[in-house]
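A.B. asks:
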Amino acid sequence: MTTDEQRTREDELVQLVVDSFDGTPDPRLREIMQSAVRHLHGFLRDVRLTEEEWSQGIDFLTAVGHLTDDRRQEFILLSDTLGASMQTIAINNEAHGDATEATVFGPFFVDDAPEVPLGGDIAGGAAGQPCWVEGTVRDTEGRPVAGARLEVWEADDDGFYDVQYDDDRTAGRAHLFSDDDGGFRFWAITPTPYPIPDDGPVGAMLAATGRSPMRASHLHFMVTAAHLRTLVTHIFVRGDELLDSDSVFGVKESLVKDFVEQPAGTPTPDGRDLGDAAWSRVGFDIVLAPA
Ligand SMILES: [Fe+2]
Numbered sequence: 392m393t394t395d396e397q398r399t400r401e402d403e404l405v406q407l408v409v410d411s412f413d414g415t416p417d418p419r420l421r422e423i424m425q426s427a428v429r430h431l432h433g434f435l436r437d438v439r440l441t442e443e444e445w446s447q448g449i450d451f452l453t454a455v456g457h458l459t460d461d462r463r464q465e466f467i468l469l470s471d472t473l474g475a476s477m478q479t480i481a482i483n484n485e486a487h488g489d490a491t492e493a494t495v496f497g498p499f500f501v502d503d504a505p506e507v508p509l510g511g512d513i514a515g516g517a518a519g520q521p522c523w524v525e526g527t528v529r530d531t532e533g534r535p536v537a538g539a540r541l542e543v544w545e546a547d548d549d550g551f552y553d554v555q556y557d558d559d560r561t562a563g564r565a566h567l568f569s570d571d572d573g574g575f576r577f578w579a580i581t582p583t584p585y586p587i588p589d590d591g592p593v594g595a596m597l598a599a600t601g602r603s604p605m606r607a608s609h610l611h612f613m614v615t616a617a618h619l620r621t622l623v624t625h626i627f628v629r630g631d632e633l634l635d636s637d638s639v640f641g642v643k644e645s646l647v648k649d650f651v652e653q654p655a656g657t658p659t660p661d662g663r664d665l666g667d668a669a670w671s672r673v674g675f676d677i678v679l680a681p682a
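Numbering (the numbering used here) for the sequence shown: 392 to 682.
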């Protein structure tokens, strides 16, 4: 138990640090810094952090920083695995009518993914079962959104995104635009589960706490259109065993879709000849909230 005198000393330090931000010209920055200080000190006092533990924490964050570069974003993984990404998304994407729910952005988006035409293949050679994806983009009034930009990206059958290979390949990612009726369609690969990169400090944190690095199978979308709220989301595969234990807390029931298996020989929607390969198809109708 801490004595009254000890508690007073600790309280005084918190107040001293909070007050040091009183002169911050930007009121929002002042609010953020003072709240961050209160919560940080609250945490330190709550667990009575030892100096050795504090030092371990500094070492951990240092390792997260050292591993991060323009292809590996360990800070996003840390935010994701602590649920901070999903909480920020929840705060900033308030429910609006039947607008499609948002979920985590993740660390594997890349600017300048190639464009494919409607009906094109985003796989770009990525290994996996072909999957036909189709749907519409509408606003919350039900009006079709023509020319919406859809960025889609996913891991291959081995559980890796293209950027995790060291050969500069581009695969399993592309962008396309909805047609005049808001419709879109493309070939991808049926999503499969994969572990988040767990060879760094975030992986060590998951191992030390007995948590799995596995993510439920998913296909990423980012949908942008003028005057509408940008949607960052995924669709998940109904029946996936990992839906209840996703390592980044990204699963929403409304985003779980039926990826319907099509036996080998089933005619494809666009006449593509898949030989003797089975394939799957999924529908995803997207509703964008007002900006
Ligand atoms: Fe992902």
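The beta carbon of each residue, even a glycine, is placed where N, CA and C say it ideally should be.
Relative to the alpha-carbon of Gly510, which residue among Asp530, Leu679, Phe675 and Glu525 has its alpha-carbon at the smallest distance?
C.D. replies: The residue you call residue 510 lines up with position 119 of the sequence shown. Ranking the options by Cα distance to Gly510, first place goes to Glu525.
A.B. asks: Any heavy atom of ligand 1 within a distance shorter than 7 Å of the CB on Ala617?
C.D. replies: Against the sequence shown, residue 617 aligns to sequence position 226. Ala617 Cβ: outside cutoff for every heavy atom of ligand 1.
A.B. asks: Just how far apart, CA to CA, sit Gln406 and Pro416?
C.D. replies: Reading the sequence shown from its first residue, position 15 is the one you call residue 406. Reading the sequence shown from its first residue, position 25 is the one you call residue 416. C-alpha separation (whole angstroms): 19 Å.
A.B. asks: Quick one: what does DSSP say Ser411 is sitting in, helix, strand or coil?
C.D. replies: Indexing the sequence shown from 1 puts residue 411 at position 20. Coil at Ser411, not helix or strand.
A.B. asks: Give the C-beta separation of Ser569 and Phe577 to the nearest angstrom, bearing in mind that I take them to be a contact with Cβ-Cβ under 8 Å.
C.D. replies: Position 178 of the sequence shown, counted from the start, is the residue given in the question as residue 569. Position 186 of the sequence shown, counted from the start, is the residue given in the question as residue 577. Between Phe577 and Ser569 the Cβ distance is about 11 Å, and since that is not below 8 Å, they are no contact.
A.B. asks: Would you mind sorting Glu506 into buried or exposed? The rule is 16 or more other CB atoms within 10 Å of its CB.
C.D. replies: On the sequence shown, position 115 is the one that residue 506 refers to. Answer is exposed; the Cβ neighbour count stays below 16.
A.B. asks: Kindly indicate which residue of Pro588, Leu679, Phe612 and Ile467 has the alpha-carbon position closest to the one of Pro582.
C.D. replies: Position 191 of the sequence shown, counted from the first residue, corresponds to residue 582. Comparing Cα-Cα distances from Pro582 to each of Pro588, Leu679, Phe612 and Ile467, the minimum goes to Phe612.
A.B. asks: Are the Cβ atoms of Leu679 and Leu610 separated by less than 8 Å?
C.D. replies: Position 288 of the sequence shown, counted from the first residue, corresponds to residue 679. Position 219 of the sequence shown, counted from the first residue, corresponds to residue 610. No, Cβ-Cβ distance for Leu679 and Leu610 is not below 8 Å.
A.B. asks: Can you tell me the Cα-Cα spacing of Ala565 and Thr615, whole angstroms?
C.D. replies: Indexing the sequence shown from 1 puts residue 565 at position 174. Indexing the sequence shown from 1 puts residue 615 at position 224. Straight-line Cα distance between these residues: approximately 14 Å.
A.B. asks: What is the C-beta distance between Thr472 and Ser638, in whole angstroms, given that I count them as a contact (C-beta under 8 Å)?
C.D. replies: As a working mapping, residue 472 is identified with position 81 in the sequence shown. As a working mapping, residue 638 is identified with position 247 in the sequence shown. 6 Å between Cβ atoms; contact.
A.B. asks: Could you check whether the Cβ of Gly516 sits closer than 7 Å to any heavy atom belonging to ligand 1?
C.D. replies: Against the sequence shown, residue 516 aligns to sequence position 125. Because no heavy atom of ligand 1 lies under 7 Å away, the Cβ of Gly516 does not count as near it: no.
A.B. asks: If Thr527 and Gly474 are in contact, beta carbons under 8 Å, what's the gap, nearest whole angstrom?
C.D. replies: Locating residue 527 in the sequence shown gives position 136, counting from the first residue. Locating residue 474 in the sequence shown gives position 83, counting from the first residue. About 31 Å separates the two Cβ atoms, so there is no contact after all.
A.B. asks: Between Phe429 and Glu401, is the Cβ-Cβ spacing less than 8 Å?
C.D. replies: Within the sequence shown, residue 429 is the residue found at index 38, counting from 1. Within the sequence shown, residue 401 is the residue found at index 10, counting from 1. According to the sequence shown, residue 429 is Arg rather than Phe. Contact: no.
A.B. asks: I want to check one thing, is the minimum distance from the CB of Gly497 to the heavy atoms of ligand 1 below 7 Å?
C.D. replies: Counting from one through the sequence shown, the residue named residue 497 turns up at place 106. Gly497 Cβ: within cutoff of ligand 1.
A.B. asks: Could you pull out every residue in the same chain whose Cβ sits closer than 8 Å to the Cβ of Leu665, ignoring the five residues on either side in sequence?
C.D. replies: As a working mapping, residue 665 is identified with position 274 in the sequence shown. Contacts found: Pro521, Ala655 and Thr659.
A.B. asks: What does DSSP give as the partner residues of Tyr556 in its beta bridges?
C.D. replies: As a first step, residue 556 must be located in the sequence shown, where it is residue number 165. According to DSSP, Tyr556 bridges with nothing at all.
A.B. asks: From this set, Leu567, Arg439 and Ala427, which residue's C-alpha is nearest Thr393's C-alpha?
C.D. replies: On the sequence shown, position 2 is the one that residue 393 refers to. For Thr393, the nearest C-alpha among the options comes from Arg439.
A.B. asks: Short check: CB of Glu545 to CB of Ala579, under 8 Å?
C.D. replies: Within the sequence shown, residue 545 is the residue found at index 154, counting from 1. Within the sequence shown, residue 579 is the residue found at index 188, counting from 1. Taking 8 Å as the Cβ cut-off, Glu545 and Ala579 qualify as a contacting pair.
A.B. asks: In the structure shown, what three-state DSSP assignment does His625 receive?
C.D. replies: Position 234 of the sequence shown, counted from the first residue, corresponds to residue 625. In this structure, His625 counts as strand in the three-state DSSP scheme.
A.B. asks: From what residue to what residue does the beta strand (DSSP E) around His611 run?
C.D. replies: Taking the sequence shown and counting its residues from 1, the one referred to as residue 611 is at position 220. That run of the beta strand (DSSP E) goes His609 to Thr615.
A.B. asks: Can you give me the start and stop residues for the alpha helix (DSSP H) that Ala427 sits inside?
C.D. replies: Taking the sequence shown and counting its residues from 1, the one referred to as residue 427 is at position 36. Start and end: Pro418 to Asp437.
A.B. asks: Does DSSP put Met605 in a helix, in a strand, or in coil?
C.D. replies: Residue mapping note: residue 605 aligns to position 214 of the sequence shown, counting from 1. Met605: strand per DSSP, three-state reduction.
A.B. asks: If we count the other Cβ atoms within 10 Å of its Cβ and call it buried at 16 or more, is Asn483 buried or exposed?
C.D. replies: In the sequence shown, residue 483 corresponds to position 92, counting from 1. Exposed, since its Cβ has fewer than 16 Cβ neighbours within 10 Å.
A.B. asks: Tell me the start and end of each unbroken alpha helix (DSSP H) in the stretch 508-568 that is at least 4 residues and wholly inside, in chain order.
C.D. replies: Qualifying alpha helix (DSSP H) stretches: none in this window.
A.B. asks: Roughly how many whole angstroms lie between the Cα atoms of Leu468 and Arg529?
C.D. replies: Taking the first residue of the sequence shown as position 1, residue 468 is located at position 77. Taking the first residue of the sequence shown as position 1, residue 529 is located at position 138. Between Leu468 and Arg529, the C-alpha separation is close to 31 Å.
A.B. asks: Quickly, what does DSSP pair Ser671 with across the bridge? List them, please.
C.D. replies: For the purposes of this step, residue 671 is taken as the residue at position 280 of the sequence shown. Looking at the DSSP assignment, Ser671 forms a beta bridge with Cys522 and Glu652.
A.B. asks: State yes or no: is the C-beta of Lys643 within less than 8 Å of the C-beta of Arg629?
C.D. replies: One-based indexing of the sequence shown puts residue 643 at position 252. One-based indexing of the sequence shown puts residue 629 at position 238. No, these two residues do not count as a Cβ contact at 8 Å.
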